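To keep things clear, I will list the structure first and then write my remarks on it.
There are 2 protein chains.
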Amino acid sequence: MPAAQPTARSRVRRIPKRGRHDRETIDAILDESLVSHVGFAVDGQPFVIPMLHARLGDRVYLHGSTASRLVRTLAAGVPACLTTTLVDGLVLARSAMHHSMNYRSVVVLGDAVLVEGPDERAAALEAFTEKLIPGRWAEIRTPSAQELKATRVLAMELHEATAKVRSGGPVDDEEDYALDTWAGVVPLALRAGPPVPDERLADGIAPSPAVAGWAAERGL
Amino acid sequence: MPAAQPTARSRVRRIPKRGRHDRETIDAILDESLVSHVGFAVDGQPFVIPMLHARLGDRVYLHGSTASRLVRTLAAGVPACLTTTLVDGLVLARSAMHHSMNYRSVVVLGDAVLVEGPDERAAALEAFTEKLIPGRWAEIRTPSAQELKATRVLAMELHEATAKVRSGGPVDDEEDYALDTWAGVVPLALRAGPPVPDERLADGIAPSPAVAGWAAERGL
Ligand SMILES: Cc1cc2nc3c(=O)[nH]c(=O)nc-3n(C[C@H](O)[C@H](O)[C@H](O)COP(=O)(O)OP(=O)(O)OC[C@H]3O[C@@H](n4cnc5c(N)ncnc54)[C@H](O)[C@@H]3O)c2cc1C
Ligand SMILES: Cc1cc2nc3c(=O)[nH]c(=O)nc-3n(C[C@H](O)[C@H](O)[C@H](O)COP(=O)(O)OP(=O)(O)OC[C@H]3O[C@@H](n4cnc5c(N)ncnc54)[C@H](O)[C@@H]3O)c2cc1C
Ligand code: HEM
Ligand code: HEM
Numbered sequence: 151m152p153a154a155q156p157t158a159r160s161r162v163r164r165i166p167k168r169g170r171h172d173r174e175t176i177d178a179i180l181d182e183s184l185v186s187h188v189g190f191a192v193d194g195q196p197f198v199i200p201m202l203h204a205r206l207g208d209r210v211y212l213h214g215s216t217a218s219r220l221v222r223t224l225a226a227g228v229p230a231c232l233t234t235t236l237v238d239g240l241v242l243a244r245s246a247m248h249h250s251m252n253y254r255s256v257v258v259l260g261d262a263v264l265v266e267g268p269d270e271r272a273a274a275l276e277a278f279t280e281k282l283i284p285g286r287w288a289e290i291r292t293p294s295a296q297e298l299k300a301t302r303v304l305a306m307e308l309h310e311a312t313a314k315v316r317s318g319g320p321v322d323d324e325e326d327y328a329l330d331t332w333a334g335v336v337p338l339a340l341r342a343g344p345p346v347p348d349e350r351l352a353d354g355i356a357p358s359p360a361v362a363g364w365a366a367e368r369g370l
Numbered sequence: 151m152p153a154a155q156p157t158a159r160s161r162v163r164r165i166p167k168r169g170r171h172d173r174e175t176i177d178a179i180l181d182e183s184l185v186s187h188v189g190f191a192v193d194g195q196p197f198v199i200p201m202l203h204a205r206l207g208d209r210v211y212l213h214g215s216t217a218s219r220l221v222r223t224l225a226a227g228v229p230a231c232l233t234t235t236l237v238d239g240l241v242l243a244r245s246a247m248h249h250s251m252n253y254r255s256v257v258v259l260g261d262a263v264l265v266e267g268p269d270e271r272a273a274a275l276e277a278f279t280e281k282l283i284p285g286r287w288a289e290i291r292t293p294s295a296q297e298l299k300a301t302r303v304l305a306m307e308l309h310e311a312t313a314k315v316r317s318g319g320p321v322d323d324e325e326d327y328a329l330d331t332w333a334g335v336v337p338l339a340l341r342a343g344p345p346v347p348d349e350r351l352a353d354g355i356a357p358s359p360a361v362a363g364w365a366a367e368r369g370l
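Read top to bottom, the protein sequences are chains A and B.
Count along the first sequence from 1, then add 150; that gives the number in the working numbering.
Count along the second sequence from 1, then add 150; that gives the number in the working numbering.
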């Protein structure tokens with residue numbers, strides 16, 4: 151796997167000790183996070199649009215409608231930025247200024263390309279589903295030719311990608327440790343609740359093995 | 151409160167029934183979400199950077215270092231986009247294509263301005279803390295003159311803002327309701343865990359009233 155090398159525009163400058171350029175860290179964040187915020191400019195105005203993403207190897211995939219502005223703009227080959235953030239906690243310091251958050255984030259720079267090969271397209275669409283609930287793809291009606299025609303898949307290479315990670319407790323100024331203010335971390339995480347059946351689900355259809363297994367693993 | 155009017159570039163076009171332009175919806179999403187993804191371009195390359203935000207009235211505030219590229223770029227008055235997303239659930243349909251997510255997101259377009267007035271600056275910095283844990287500001291050491299000098303506060307007006315909301319179960323093609331595939335929603339939400347004291351917290355300092363009250367409200 152090629153290492154993502156920091157370039158002049160992707161080297162973390164503010165608090166550089168929190169910057170990571172290794173693919174192991176980058177991939178783990180991309181794989182855990184569900185949603186990216188994708189930036190591109192139209193007529194000089196930047197837009198940042200939330201999109202589901204999925205990584206396979208050295209590429210991050212997006213999908214959307216053939217008619218979508220984001221899809222059409224990115225497919226034309228403009229510079230883009232894909233950013234995803236996991237929020238891990240509130241960092242409560244003794245001083246206001248040293249309040250912070252624990253987080254893991256990834257920024258990917260580059261042009262997106264339209265994925266035209268049918269095998270890669272199919273693999274990406276499967277990856278979106280498998281990423282959410284492993285095993286789900288085998289349980290559902292797969293896309294028809296007409297549905298595939300309405301859908302575009304985009305890919306960004308992980309050549310110019312950076313991660314930034316903050317973890318641990320607050321870091322206060324030395325003299326503030328004498329204060330009797332409580333300080334610490336409130337952990338935060340995206341958590342699932344028990345699956346809610348569709349109103350139109352026919353009687354007697356129990357959660358499928360993929361959904362039931364996924365829920366059981368999380369104690370739901 | 152002025153209504154945010156959809157403009158040519160902020161009217162939701164894809165699945166427009168999910169678009170909302172009322173400030174009540176927009177404000178509620180901005181107030182619940184902690185992190186924005188802020189887009190701006192430098193030399194034609196868009197960057198999307200995660201930042202804490204806080205809303206007061208018609209403005210969304212950001213803060214960072216005087217030396218930060220984001221802060222310096224936005225303070226110079228370039229077009230920007232601030233987007234925030236709350237993920238509410240995985241929508242598991244009978245067909246692959248109708249898989250989706252439940253979400254609430256806001257996109258704010260416009261230039262950011264540097265907040266220079268000391269009162270507005272102080273109110274914004276307090277808002278960041280109060281938003282996380284109400285009552286925390288009164289418990290902590292407030293910023294020194296030197297700390298304030300190192301910090302910049304930026305504001306974006308909510309003039310050109312859009313929300314988009316998806317909720318409820320999957321919407322399958324009529325013929326797919328005959329399949330015996332389980333379908334429904336897995337709710338997702340950012341949840342807090344019990345507060346973890348700082349390693350350097352002196353013995354006998356219990357969680358402060360603001361932190362203890364916040365944790366108790368969430369059953370932690
Ligand atoms: C949840 C969260 C909340 C944050 N809140 C704030 C806040 O309120 N104020 C604040 O100043 N900063 C905040 N940050 C940090 C912020 O994302 C930037 O890292 C920081 O502001 C420096 O910005 P800059 O433009 O000066 O970056 P520079 O360090 O100049 O950026 C150079 C390059 O480093 C990489 N990079 C920068 N930031 C990140 C990142 N977060 N993840 C991955 N790669 C990155 C990009 O490739 C970028 O092009 C937050 C981060 C997270 C994840
Ligand atoms: C968690 C999440 C995951 C998503 N995953 C996908 C996905 O995988 N594929 C996909 O196609 N779409 C996804 N969406 C929807 C996506 O954000 C866009 O709304 C959609 O792709 C249409 O994009 P467009 O560029 O064609 O927008 P247009 O409808 O042309 O956008 C016009 C204007 O509408 C406003 N707008 C657009 N989207 C949003 C938004 N999400 N929130 C607030 N205002 C908005 C903006 O002002 C924008 O300038 C997701 C949304 C969320 C919140
Ligand atoms: C787990 C799998 C999937 C998830 C979670 C998912 C999620 C989403 C989401 C959240 C949207 C945005 C809808 C909106 O604007 O509110 C979307 C749009 C879209 N998805 Fe998927 N999707 C998945 C799989 C697929 C597959 C397999 C296909 C095609 C075969 C597909 C085709 C589309 C299309 C065409 C749109 C654009 C809708 C529009 O803008 O009109 N999706 N998807
Ligand atoms: C609840 C309150 C606050 C929270 C949650 C918070 C959060 C953050 C976060 C997450 C960062 C990014 C640090 C990084 O890059 O990893 C940051 C940066 C910064 N914060 Fe805050 N902050 C808060 C209050 C304040 C206050 C009150 C001040 C000033 C008086 C301040 C000044 C700064 C400065 C100067 C930076 C830039 C650090 C750098 O880039 O070197 N913050 N803040």
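Beta carbons: idealized from backbone N, C-alpha and C, even for Gly.
Remember, predicted model here, so these are calculated numbers, not experimental data.
- G214(B) sits in a strand when the DSSP states are folded into three classes.
- Any heavy atom of ligand 3 counts here; residues with a Cβ closer than 6 Å to one of them, in chain order, are L202(A), H213(A), G214(A), S215(A), S218(A), L275(A), F278(A), T279(A), L282(A), P293(A), E297(A), L298(A), A300(A), T301(A), R164(B), I165(B), R168(B), A246(B), M247(B), H249(B), S250(B), M251(B), R316(B).
- Annotated three-state conformation of D330(A) is coil, per DSSP.
- In the structure shown, D238(B) falls within a strand segment according to DSSP collapsed to helix, strand and coil.
- Taking L242(B) as reference, the option from E289(B), D353(B), D326(B) with the minimal CA-CA separation is D326(B).
- Assignment of L264(B) by DSSP, reduced to helix, strand and coil, places it in the strand class.
- An exposed status is given to A352(B), since fewer than 16 other beta-carbon atoms sit within 10 Å of its beta-carbon.
- Per DSSP, reduced to three states, the secondary structure at E174(B) is helical.
- When 8 Å is used as the limit between beta carbons, T223(B) is near no residue of chain A, the shortest such separation being about 11 Å.
- Interface annotation, L180(A): not in contact with chain B, CB-CB separation never under 9 Å.
- In the three-state scheme derived from DSSP, where H, G and I count as helix and E and B as strand, P166(A) is classed as helix.
- In the three-state reduction of the DSSP assignment, G189(B) falls in the strand class.
- Straight across, the Cα-Cα distance linking I355(B) with F278(A) is about 47 Å.
- At a Cβ-Cβ threshold of 9 Å, T157(B) and E266(B) do not count as neighbours.
- Proximity of the beta carbon of F190(B) to ligand 2 is not indicated: no heavy atom of the ligand is located closer than 8 Å.
- For E307(A), there is no enclosing alpha helix (DSSP H); the residue is found in the beta strand (DSSP E) stretching over 301 to 307.
- Closest in alpha carbon position to E280(B), among S186(B), A204(B), P357(B), is A204(B).
- Here the alpha carbons of A272(B) and A328(A) stand approximately 25 Å from one another.
- Looking from the CA of E349(A), the closest CA among A342(B), D348(B), V321(B) belongs to V321(B).
- In this structure, the beta-carbon distance from E307(B) to D172(B) does not fall below 9 Å.
- In chain order, T216 place their CB closer than 6 Å to the CB of A300(A), counting only its own chain and leaving out the 5 sequence neighbours on each side.
- At least one heavy atom of ligand 1 sits closer than 8 Å to the Cβ of V221(B).
- Scanning chain B for C-beta atoms nearer than 7 Å to the C-beta of A333(A) yields D348, L351, reported in chain order.
- Secondary structure at E182(A): helix, using DSSP grouped into helix, strand and coil.
- The C-beta of Y327(B) comes closer than 9 Å to at least one C-beta of chain A.
- Here DSSP, grouped into helix, strand and coil, assigns R254(A) to strand.
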